[in-house]
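K.L.:
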Amino acid sequence: MMENSTQIKSFVLAMYGNMGPLKYLFFTVALLFYTSVILANTVLIVIIYVDRNLHEPMYIFLCNLFVNEIYGSTSMLYLTIHWKVQE
Numbered sequence: 001m002m003e004n005s006t007q008i009k010s011f012v013l014a015m016y017g018n019m020g021p022l023k024y025l026f027f028t029v030a031l032l033f034y035t036s037v038i039l040a041n042t043v044l045i046v047i048i049y050v051d052r053n054l055h056e057p058m059y060i061f062l063c064n065l066f067v068n069e070i071y072g073s074t075s076m077l078y079l080t081i082h083w084k085v086q087e
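When you line the sequence shown up against the UniProt record's numbering, it's residues 1 to 87, in that order.
1. If you count every other CB in all the chains shown that lies within 10 Å of the CB of Asn53, and 16 or more means buried, which is it?
2. Could you pull the start and end residues of the alpha helix (DSSP H) that Ser36 belongs to?
3. Ser73 and Tyr34: beta carbons closer than 9 Å?
4. Cutting at 6 Å between CB atoms, please list the residues of its own chain near Leu44, excluding the five before and the five after it.
5. How big is the Cα-Cα spacing for Asn41 and Gln7?
Rendered as structure tokens:
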């Protein structure tokens, strides 16, 4: 029987490499995307909160998903910025 002889010593995540002068463009695009995510989710949460017809379990669940997405987006943006500052 043949054994697997592949040995991986390490791997490199190269997504956030040296971006050079394009880093300001990438930051602006990321900031616009983040702002649109926050704005869209906040609008949907407010609509569900204001309209009494939407106070049903399905919409409450959707509201919780929107809050979770805001939380996840904010933590991911913070981690990315913190990681780039450390370089």
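Note that the Cβ used here is the ideal one computed from N, Cα and C, for glycine as well.
P.N.:
Reading from the atomic positions:
1. On the sequence shown, residue 53 is found 53 positions in, with the first residue counted as 1. Around the beta carbon of Asn53, a 10 Å sphere encloses fewer than 16 other beta carbons of the protein chains shown; the residue is thus reported as exposed.
2. Locating residue 36 in the sequence shown gives position 36, counting from the first residue. That run of the alpha helix (DSSP H) goes 23 to 50.
3. For the purposes of this step, residue 73 is taken as residue 73 along the sequence shown, with counting starting at 1. For the purposes of this step, residue 34 is taken as residue 34 along the sequence shown, with counting starting at 1. Cβ atoms of Ser73 and Tyr34: closer than 9 Å.
4. Counting from one through the sequence shown, the residue named residue 44 turns up at place 44. Contacts found: Phe66.
5. Locating residue 41 in the sequence shown gives position 41, counting from the first residue. Locating residue 7 in the sequence shown gives position 7, counting from the first residue. Distance between the alpha carbons of Asn41 and Gln7: 45 Å.
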